[in-house]
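In my numbering, the protein residues as written are 8 to 299. In what follows, a single structure is set out as structure tokens and then discussed.
Okay, structure coming up:
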């Protein structure tokens, strides 16, 4: 039985089961099958891959991942939609359907998801992400002890711009900082609002994120340091570095010490976090904690 993947088929499937899209859960179904096909192609899914999918909806993308030979861990918090996926695809032995929230306290993947990934050395993400979970989910993946080797995700255009933003850009943010150290980011294609049902107010994009080599300094530590610097993003680094280092017991720096650290990291004391290269901030933190 083929999982519904068109507007007519999804609408009919939900209506027959007394279901309807829930705005509060960001349920906008991607109803252009070609976009689903190209997402699987961009993820380069091959037989034996383990793929995490968040919010499978009615299973259109899930089915394509299974047909590509993947073992799919599909995470659906909506009981009704989880039942739909189980109805159409539950007989597939390579499908693990988790009826839970993918996130735990908006900062890490849930215990159920981690348990499903236990013992999996390599995994990917391929998902039409619910809008409200996009940023925290991406951060959790990047900072996971065993991060995915590739993510292909459909998300809001705005988030796509943030992922590609560099220092000095209007969209540059802590997520941009994280993205530049964690991944190589590629825009696969634009997806208009009309490609979804119900139609959202914004356009979307399919993004591919390829894991970067491991960092010399633990990524989580560097990102936490950068987030503290972003709290004073309009201030010169000379005035924010010492305070940002204090939570790790490295805050007893005089202004002269700070200027010296900045110089060694290739930064000016007058630079701001939103104009500084992430690699330079990483060097700065490494020098401050004795890892540079």
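Glycine included, each C-beta is placed from N, C-alpha and C at the ideal position. Note that this is a predicted model, so its numbers are computed, not measured.
Run of the alpha helix (DSSP H) containing residue i, from where it starts to where it stops
{"i": "residue 226", "result": "226-237"}
{"i": "residue 164", "result": "164-171"}
{"i": "residue 146", "result": "141-149"}
Alpha carbon of residue i to alpha carbon of residue j, nearest angstrom
{"i": "residue 37", "j": "residue 68", "result": "9 Å"}
{"i": "residue 211", "j": "residue 193", "result": "14 Å"}
{"i": "residue 256", "j": "residue 233", "result": "16 Å"}
{"i": "residue 49", "j": "residue 24", "result": "33 Å"}
{"i": "residue 83", "j": "residue 139", "result": "14 Å"}
{"i": "residue 342", "j": "residue 46", "result": "Absent from the structure is residue 342, since the part of the chain shown begins at 8 and ends at 299."}
{"i": "residue 273", "j": "residue 206", "result": "47 Å"}
{"i": "residue 167", "j": "residue 270", "result": "33 Å"}
{"i": "residue 195", "j": "residue 43", "result": "12 Å"}
{"i": "residue 263", "j": "residue 277", "result": "13 Å"}
{"i": "residue 18", "j": "residue 200", "result": "17 Å"}
{"i": "residue 96", "j": "residue 289", "result": "45 Å"}
Sub-8 Å separation of residue i and residue j beta-carbons
{"i": "residue 188", "j": "residue 235", "result": "no"}
{"i": "residue 279", "j": "residue 250", "result": "no"}
{"i": "residue 132", "j": "residue 160", "result": "yes"}
{"i": "residue 224", "j": "residue 245", "result": "no"}
{"i": "residue 163", "j": "residue 92", "result": "no"}
{"i": "residue 268", "j": "residue 248", "result": "yes"}
{"i": "residue 215", "j": "residue 129", "result": "no"}
{"i": "residue 135", "j": "residue 62", "result": "yes"}
{"i": "residue 148", "j": "residue 155", "result": "yes"}
{"i": "residue 117", "j": "residue 111", "result": "yes"}
Distance between beta carbons of residue j and residue i, contact taken as under 8 Å
{"i": "residue 88", "j": "residue 79", "result": "Not a contact, Cβ separation roughly 15 Å."}
{"i": "residue 10", "j": "residue 99", "result": "With a Cβ gap of about 10 Å, residue 10 and residue 99 do not count as contacting."}
{"i": "residue 174", "j": "residue 284", "result": "6 Å"}
{"i": "residue 123", "j": "residue 150", "result": "No, residue 123 and residue 150 are not in contact; Cβ-Cβ is about 18 Å, not under 8 Å."}
{"i": "residue 77", "j": "residue 57", "result": "7 Å"}
Residue i, enclosing beta strand (DSSP E) - first and last residue
{"i": "residue 156", "result": "Here residue 156 belongs to no beta strand (DSSP E), and DSSP marks it neither H nor E."}
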